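Asks: Counting from 1, position 134 in the sequence shown corresponds to residue 134 in the UniProt record's numbering; the numbering is continuous, with no gaps.
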Amino acid sequence: MFKPLTDLQLDVIAQACERDAETSLHTSVIKRYADQNKVNGYFVKSHLIGFIIEEVIEPEAELIQLFILSEYRGSGFGAQALNAWVSSLVDRKLTKVFLEVREGNEPAIKLYQNLGFKTVGRRKNYYQLNLGTFDALLMDKSLTSQ
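#1: In this structure, how does DSSP classify residue 143 when only helix, strand and coil are distinguished?
#2: Ends of the alpha helix (DSSP H) at residue 84?
#3: Once DSSP output is grouped into helix, strand and coil, what is the label at residue 138?
#4: Please classify residue 108 as buried or exposed, where buried requires at least 16 neighbouring CB atoms within 10 angstroms.
#5: Can you tell me where the alpha helix (DSSP H) with residue 114 in it begins and where it stops?
#6: Which same chain residues end up closer than 6 Å to residue 30 when comparing Cβ atoms and leaving out the 5 residues on each side of it in sequence?
#7: Which word fits residue 102, buried or exposed, when buried means at least 16 other C-beta atoms lie within 10 angstroms of its C-beta?
#8: I'd like the span of the beta strand (DSSP E) that includes residue 31, first residue to last.
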């Protein structure tokens with residue numbers, strides 16, 4: 001289930017992102033999105049599993065960030081969270097969803113492909129991480145056939 005985060009929960013996820021070499025998302029960015037009510041925690045049995053940041057410009061949505069806390073990765077929670085979010089977009093009558101993912105982030109790419117996202121473009125040298133510089137793959141999914 002998705003729901004807004006408390007300030008303490010927001011601090012927990014922001015710190016987890018700061019420690020994660022796979023993300024370029026910084027605390028200030030997370031808090032800016034939270035101030036705009038675009039961040040929702042993903043909870044399973046009242047446990048904070050991760051969060052999602054969305055940008056909605058009707059009739060479309062963009063996944064800014066899907067983040068699963070490291071201790072919950074590899075257990076299917078990413079797919080559950082993404083499916084729940086896409087279902088919420090359908091319920092809101094949105095027609096398309098976009099996202100970008102770092103080239104080489106094979107678990108995320110596989111997850112998105114398994115859920116029907118298609119690669120539609122590329123941004124060269126988009127990600128500047130401690131791991132190096134990477135392209136961003138742009139992906140989308142039509143929601144009209146859901």
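Here a beta-carbon is modelled for each residue, glycine too, at the ideal position from N, C-alpha and C. Owing to the predicted nature of the structure, the values given are computational and were not obtained by experimental measurement.
Replies: Reading from the atomic positions:
#1: It is coil, neither helix nor strand.
#2: That run of the alpha helix (DSSP H) goes 77-91.
#3: Residue 138: strand per DSSP, three-state reduction.
#4: The residue in question, residue 108, is buried, as its Cβ has 16 or more Cβ neighbours within 10 Å.
#5: First-last of the alpha helix (DSSP H) with residue 114: 106-114.
#6: Once the five neighbours on either side are set aside, the close Cβ partners of residue 30 are 14.
#7: Buried: at least 16 other Cβ atoms inside 10 Å.
#8: Here residue 31 belongs to no beta strand (DSSP E); instead the alpha helix (DSSP H) covers 27-35.
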